[in-house]
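Asks:
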Amino acid sequence: MSGPLTRRRTAELPEHPDFLWRKPQLKKSYDVIIIGAGGHGLATAYYLAKNFGITNVAVLEKGWLAGGNMARNTTIIRSNYLWDESAGIYEHSLKLWENLEEEVGYEMFFSQRGVMTLAHSVGDVRGKQRNFYANKVNSIDTEWLTPEEAKKVAPILNISDTIRYPIMGATYQARGGIAKHDWVAWGYAKAADDMGVDLIQGCEVTGIKVDNGKVQGVETNLGFIAANKVALAAAGHTSTLTQMAGFRVPLQSRTLQALVSELLEQVLDTVIMSGAVHVYVSQAHKGELVMGAGTDAFNSYTQRGGVHVIEHQLAAACELFPIFSRAHLLRTWGGVVDIAPDASPILGLTPVENLYINSGWGTGGFKATPGSGWVYADTIANNAPHALAKNYSLKRFTTGHLIDEHGAAGVAH
Ligand code: FAD
Ligand code: PYC
Numbered sequence: 000m001s002g003p004l005t006r007r008r009t010a011e012l013p014e015h016p017d018f019l020w021r022k023p024q025l026k027k028s029y030d031v032i033i034i035g036a037g038g039h040g041l042a043t044a045y046y047l048a049k050n051f052g053i054t055n056v057a058v059l060e061k062g063w064l065a066g067g068n069m070a071r072n073t074t075i076i077r078s079n080y081l082w083d084e085s086a087g088i089y090e091h092s093l094k095l096w097e098n099l100e101e102e103v104g105y106e107m108f109f110s111q112r113g114v115m116t117l118a119h120s121v122g123d124v125r126g127k128q129r130n131f132y133a134n135k136v137n138s139i140d141t142e143w144l145t146p147e148e149a150k151k152v153a154p155i156l157n158i159s160d161t162i163r164y165p166i167m168g169a170t171y172q173a174r175g176g177i178a179k180h181d182w183v184a185w186g187y188a189k190a191a192d193d194m195g196v197d198l199i200q201g202c203e204v205t206g207i208k209v210d211n212g213k214v215q216g217v218e219t220n221l222g223f224i225a226a227n228k229v230a231l232a233a234a235g236h237t238s239t240l241t242q243m244a245g246f247r248v249p250l251q252s253r254t255l256q257a258l259v260s261e262l263l264e265q266v267l268d269t270v271i272m273s274g275a276v277h278v279y280v281s282q283a284h285k286g287e288l289v290m291g292a293g294t295d296a297f298n299s300y301t302q303r304g305g306v307h308v309i310e311h312q313l314a315a316a317c318e319l320f321p322i323f324s325r326a327h328l329l330r331t332w333g334g335v336v337d338i339a340p341d342a343s344p345i346l347g348l349t350p351v352e353n354l355y356i357n358s359g360w361g362t363g364g365f366k367a368t369p370g371s372g373w374v375y376a377d378t379i380a381n382n383a384p385h386a387l388a389k390n391y392s393l394k395r396f397t398t399g400h401l402i403d404e405h406g407a408a409g410v411a412h
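Position 145 of the sequence shown, counting from 1, maps to 144 under numbering that gives the first Met the number 0, and the rest follow consecutively.
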């Protein structure tokens, strides 16, 4: 095992782009209002403008751009899900990631450094191998690694068989990786802004006006704004918004937290996740170790979580990576995510005409940002679910055609 981690000396921060501070003139009415300027709302605005030429669009954000989950997540990107429906939308998203920086013209630090998911028991090995074979069938790139092969990819991994949960194998998706989440949001925001979309920060939606079953616009702290179409992209807060429009959705709002260490020299150049011991980790470009665990086990809108979750997560991390016991914690925070009963997204039409829903991405929606924005924009423009969204409609909670991806994140739900 190598020696103690050394502090990294430099970390260059970008200039904040001008458009983040600009206040566009709010119009009285729009073709499309998107509620929520996280990754999904901004990507949707971008693809509405780029793919459909729909630019009379406002994105309303109660706080600031990407102040919700978008810049709070741990940035893991992968498409190695179990079910065909998930493989479809997450792989579509990964393909968009692969060309996104060039397309949008903005640095995002997208890095395909691979994602490894560890298995620690016979049952765990069977579960992960099931995923591995399902991925193969769906032509999603995947490998099965022995503990020794896993250690070749990440030399600081402890593959001793005397620890509480020894590593018995791992899946590996080489095309998976990370990106710099705030820059992804800014990239989409800048490109949408350049095409004429209005990004309105400090604008909270407090009511949704519906007449004869059709949406008319939204009430906000800045007054009423009329719209032909209204699209929800307010992760963590969807159920409060649908209640404003008169219907309920089966979503729970849970706090999910993460933490970073101080800046360190590079020791880990892949992403490693372990559901059994409940930790995942990558090392950001600046040098922090970025780690997370599971959600708090109760509903909440607070953006901070239980300390016991972090204690268990750090104990697991030190066991798997003994070298981490020398690192110092820099910062912890939380975000509020929407979780559906089957841990899969809800994307499509609603019982209210011209009101659309995009939610339920739970602990796994960062990687979906491009794919979700693309599919949602198509659904809004055509007033009909995109082919990749068909199975994600609200109908599945009455038909029973659930898409159970509970094990998918490996850790987070
Ligand atoms: P958000 O950024 O939360 O955007 C929603 C916006 O709506 C917010 O800005 C909010 O302020 C706004 N809003 C809410 N109500 C209103 C209102 N009434 N009026 C106006 N605006 C409103 N996913 C991964 O794929 N990989 C990961 O590694 C990963 N790690 C995570 C780690 C943590 C700690 C957290 C919290 C999440 C993680 N996720 C991860 C999940 C991912 O971040 C979310 O699924 C995704 O960001 C949700 O979409 P969004 O970006 O649009 O949400
Ligand atoms: O979806 O891969 C994921 C993930 C990892 C951590 C949180 N979500």
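Backbone N, C-alpha and C define an ideal beta-carbon position, used for all residues, glycine too.
Alpha carbon to alpha carbon, how far is S371 from F323?
Replies: Approximately 35 Å, taken between the alpha carbons.
Asks: For Y89, is the beta carbon positioned less than 6 Å from some heavy atom of the ligand NAP?
Replies: Ligands present in the displayed structure are limited to the ligand FAD and the ligand PYC, and the ligand NAP is not among them.
Asks: Alpha carbon to alpha carbon, what distance is there between A173 and M0?
Replies: Bear in mind that the predicted position of M0 carries a pLDDT of just 31, short of 50, making it too unreliable to give a figure here.
Asks: Measuring alpha carbon to alpha carbon, tell me which residue in D197, T269 and K61 is nearest R414.
Replies: The structure shown does not extend to residue 414, since the chain spans only 0 to 412, so no value can be given for it.
Asks: Does F297 come out as helix, strand or coil in the three-state DSSP assignment?
Replies: Note: F297 maps to strand in three-state DSSP.
Asks: Identify whether G176 lies in helix, strand or coil by the three-state DSSP scheme.
Replies: In this structure, G176 counts as strand in the three-state DSSP scheme.
Asks: Evaluate W332 with the Cβ neighbour count: other Cβ atoms within 10 Å of its Cβ, from every protein chain shown; 16 or more gives buried, anything less gives exposed.
Replies: Exposed is the call here.
Asks: Comparing C-alpha positions only, which one of Y300, T254 and R325 sits nearest to G291?
Replies: It is T254.
Asks: Give, in chain order, every unbroken run of the alpha helix (DSSP H) that is at least 4 residues long and sits entirely within the region 201-272.
Replies: The qualifying runs are 237-243.
Asks: As a quick exercise: from G216, F18, A133 and V374, pick the residue whose alpha carbon is nearest that of N390.
Replies: Looking at the Cα atoms, V374 is the closest of the given residues.
Asks: Please tell me whether D160 and A234 are closer than 7 Å, where the distance is taken between their beta carbons.
Replies: Not closer than 7 Å, so no.
Asks: Per DSSP, which one or two residues make a beta bridge with V58?
Replies: DSSP lists I33 and L198 as partners of V58.
Asks: If you follow the alpha helix (DSSP H) that D83 is part of, which residue opens it and which one closes it?
Replies: Its alpha helix (DSSP H) spans residues D83 to V103.
Asks: Going by DSSP, name the residue or residues bridged to Q111.
Replies: Partner(s): none; Q111 has no beta bridge.
Asks: According to DSSP, is M0 helix, strand or coil?
Replies: With a pLDDT of 31 at M0, under the threshold of 50, the modelled position of this residue cannot be trusted; read the value that follows with caution. Three-state result, M0: coil.
Asks: Name, in chain order, the residues that DSSP records as bridge partners for I76.
Replies: Answer is G176, bridged to I76.
Asks: Assuming A36 and L64 are in contact, meaning their beta carbons sit under 8 Å apart, how far apart are those beta carbons, in whole angstroms?
Replies: About 5 Å separates the two Cβ atoms, so the contact holds.
Asks: How many angstroms separate the CA atom of T397 from the CA atom of P249?
Replies: Approximately 11 Å, taken between the alpha carbons.
Asks: What are the residues that DSSP puts in a beta bridge with M290?
Replies: L258 and V280.
Asks: Taking 7 Å as the cut-off, decide whether the C-beta atoms of A225 and G216 are in contact.
Replies: Yes, the Cβ-Cβ distance between A225 and G216 is below 7 Å.
Asks: Taking the beta strand (DSSP E) that G372 belongs to, which residues open and close that run?
Replies: Not the beta strand (DSSP E): G372 falls in the alpha helix (DSSP H), residues T368 to N381.
Asks: Please name the residue or residues paired with N157 in a DSSP beta bridge.
Replies: N157 is not bridged to any residue.
Asks: Would you verify that the beta carbon of T141 is, or is not, closer than 7 Å to some beta carbon of chain C?
Replies: In summary, chain C is missing from the structure at hand, where a single protein chain is found.
Asks: Say the cut is 6 Å; is the CB of I75 nearer than that to a heavy atom of the ligand PYC?
Replies: For the ligand PYC, at least one heavy atom lies less than 6 Å from the Cβ of I75.
Asks: Relative to the C-alpha of Y46, which residue among A296, T205, Q200 and A188 is closest?
Replies: For the residues A296, T205, Q200 and A188, the minimum Cα distance to Y46 belongs to A188.
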